[in-house]
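Visitor: With positions in the sequence shown counted from 1, the corresponding number in the numbering used here is that position plus 339.
Backbone N, C-alpha and C define an ideal beta-carbon position, used for all residues, glycine too.
These numbers were taken from a predicted model, which means no experiment stands behind them.
Can you read through this structure? Questions will come right after.
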Amino acid sequence: MANLGFLGLGLMGYAMARNLARAGHHLAVWSHTAAKARQLAADEKAIACSTPREVAEQSECLFLCVGDTRMAEEVTVGSNGAIHGAKRGTVVADASTISPSASRAIGAKLSSAGIHFLDAPCTGSTPGANAGTLTFMVGGDRAVFESVKPYFEIMGKQFYFCGGPGMGLQAKLTQNLILANLMQAFNEGMALSTKGGIDPELMLEILNNSAAKSGLIAYKAPFVFKRDFTTNFSTKWMHKDVGLALGSAEELGLPLPITSLTEQMFRAAISEGYGEDDMCATIRVMERWAGVQVKKH
C-alpha cells in the first residue's frame, strides 16, 4: 500500500482519485470545492486535506487534475502548494491539460526542491475516468514514470511516453486540436445536410461507412440526435485546450488557420451559454444559423 495524493476533484479527478482509493492505497485528497474532498473521504476512506501542501506532506506520489494553467501553478508551486510539503524524491504527476512551457517551468521549480515532475495529460473523458481506462501521454524522465506506472495503471489502460518535459502535453494538445476541428466539421456538415433535407441518422450511417468515419462523431452524434448535452467534456475546457494549442503554435511560429476558426466557433458557443455543456453542444450555433435542429425524427 502506497501513500498517494490527489489534487483536484472535478469530473475527471474525482473518478481518478476514487479508483486509487479503491485499489487499497492510502489516499490524501484536496479540492478547491472542499465538499468534494469530504465526500470522497467519507465514501472511500480517503483523508480530506485543507491545502495542497498538506496532501503533499502525506504523499510519496502526488497526482493532480485541475482546470487550467493558473490552477496547476497554484496547487504545485503557489503559497500553499505541494512544493512546500513534499519530501525530496516525491513524484508529482500532473494529469491536467495546461501550457507546455508553463508545465516545464513548474517542473524546474519542483526539481530545484528535489521533487520529480511528470506532465501526464489524459484522454477518455468522464466515462474513461470512471472505468479506469484512460489514455495517458507522459513527458519527463522515463525512469521516474516507470517507478510510478503501477499507480497510473489503476486509472488508465494505455500509456505513451512522449519524451522530455512538456512532451506529453504537446501530444495531448495535438489530439484535442484534431478533436475540436472534427467536431466543428461535423457541426457544419450536419447543419448543411439537415437543412438540405437529409435525415440526420441516415447521414450518420453514410459517414460511418465511408472514409469520413470518425470515432468521435460515431460516439457524439447519438447524443446530439437525442438533444442530450450532459457534460462528458465541456465546451469551455475544449475551448481552453484549443487556445493552448494556438499558444503553443505561436511560440513555434506555426500558423493554424482552421484551428483559429474553430476556436472562434467554440467561443461563440460559450457566449451563447453552452460553456458548461458537453462540447457537442457547439452544434447549436450552426443550428441557429441554419434554422434547423439536428435531431432524431
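1. Hey, which unbroken runs of the alpha helix (DSSP H) at 4 residues or more fall wholly within the stretch 522-589?
2. Here's the rule: buried if 16 or more other CB atoms are within 10 angstroms of the residue's CB, otherwise exposed. What is M542?
3. With a threshold of 16 other CB atoms inside 10 Å of the CB of I437, please say whether the residue is buried or exposed.
4. If you draw a straight line from the C-alpha of T621 to the C-alpha of E615, how long is it?
5. When burial is assigned at 16 or more other CB atoms within 10 Å of the CB, is W628 buried or exposed?
6. For the beta strand (DSSP E) that contains A341, what are its first and last residues?
7. In the DSSP assignment, find the beta strand (DSSP E) that holds Y294 and state where it starts and stops.
8. To the nearest angstrom, report how far apart L403 and Q603 are at their CA atoms.
9. Where does the unbroken alpha helix (DSSP H) through A432 begin, and where does it stop?
10. Could you tell me which uninterrupted beta strand (DSSP E) segments, each at least 3 residues in length, are contained entirely in the stretch 344-420, listed from first to last along the chain?
11. Which of helix, strand or coil does DSSP assign to V487?
12. In its own chain, which residues sit with a C-beta less than 7 Å from the C-beta of M351, not counting the 5 before and 5 after it?
13. Taking Cβ to Cβ, would you say A510 is nearer than 7 Å to T601?
14. Check whether the stretch 526-540 touches the stretch 495-505, taking contact to mean three or more Cβ pairs, one atom from each stretch, closer than 8 Å.
15. Answer with buried or exposed for A354, where buried requires no fewer than 16 other C-beta atoms within 10 angstroms of its C-beta.
16. Less than 7 Å between the beta carbons of L379 and P439, yes or no?
17. List the DSSP bridge partners of Y462.
18. Between which two residues does the alpha helix (DSSP H) containing V624 stretch?
19. So, does the stretch 476-483 touch the stretch 361-375, judging by three or more C-beta pairs under 8 Å?
20. At the level of alpha carbons, what is the spacing between R377 and C461?
21. From this set, V563, S549 and G502, which residue's C-alpha is nearest E530's C-alpha?
22. Short check: CB of G505 to CB of R443, under 7 Å?
23. List the whole-angstrom C-beta distance separating A637 from L401, where the pair is believed to meet the contact cut-off of C-beta under 8 Å.
24. Buried or exposed, going by whether 16 or more other CB atoms sit within 10 Å of the CB of P391?
25. Could you tell me whether the Cβ atoms of T415 and I445 are closer together than 7 Å?
26. If we call anything under 7 Å between Cβ atoms a contact, is T533 one with V633?
27. Report the option in Y490, D580 and G417 whose CA atom is closest to the CA atom of F572.
28. Closest by CA to G528, which one among G420, E626, E412 and T372?
29. For S451, which of E492, R427, D433 and T472 has the nearest alpha-carbon?
30. Which same chain residues end up closer than 6 Å to M494 when comparing Cβ atoms and leaving out the 5 residues on each side of it in sequence?
31. Please report the straight-line C-alpha distance between V631 and R566, rounded to a whole angstrom.
Guide: Answer, in terms of the structure:
1. 539-547 and 554-565
2. buried
3. Only buried fits I437, as 16 or more other CB atoms lie within 10 angstroms of its CB.
4. 11 Å
5. exposed
6. From DSSP, A341 is part of no beta strand (DSSP E); its letter is neither H nor E.
7. Residue 294 cannot be examined here, being either before or after the span of the chain that is shown, 340 to 636.
8. 29 Å
9. Element bounds for A432: not the alpha helix (DSSP H) but the beta strand (DSSP E), V430 to D433.
10. 365-369 and 400-403
11. helix
12. Cβ neighbours of M351 beyond the five flanking positions: C404, T465 and A468.
13. no
14. no
15. Under a 10 Å Cβ-count criterion, A354 is classified as buried, with 16 or more other Cβ atoms of the shown protein chains found around its own Cβ.
16. no
17. A small correction: the amino acid at residue 462 is Thr; Tyr does not occupy that position in the sequence shown. For T462, which the question treats as bridged, DSSP gives the partners T474.
18. Counting along the chain, the unbroken alpha helix (DSSP H) around V624 starts and ends at I622 to A629.
19. Flag = no, the stretch 476-483 and the stretch 361-375 do not touch.
20. 25 Å
21. In the sequence as presented, Glu is not what sits at residue 530; that position holds Ala. Of the listed residues, the one whose Cα sits closest to A530 is V563.
22. yes
23. In the structure as shown, the chain begins at 340 and stops at 636. Residue 637 is therefore absent and cannot be evaluated.
24. buried
25. yes
26. Using a Cβ distance threshold of 7 Å, T533 and V633 count as a contacting pair.
27. D580
28. E626
29. Considering only alpha carbons, the answer is R427.
30. Within its own chain, the residues whose Cβ lies closer than 6 Å to the Cβ of M494, once the five positions on either side in sequence are excluded, are M355, N358, G471 and L473, listed in chain order.
31. One Cα belongs to V631, the other to R566, and the distance between them is close to 13 Å.
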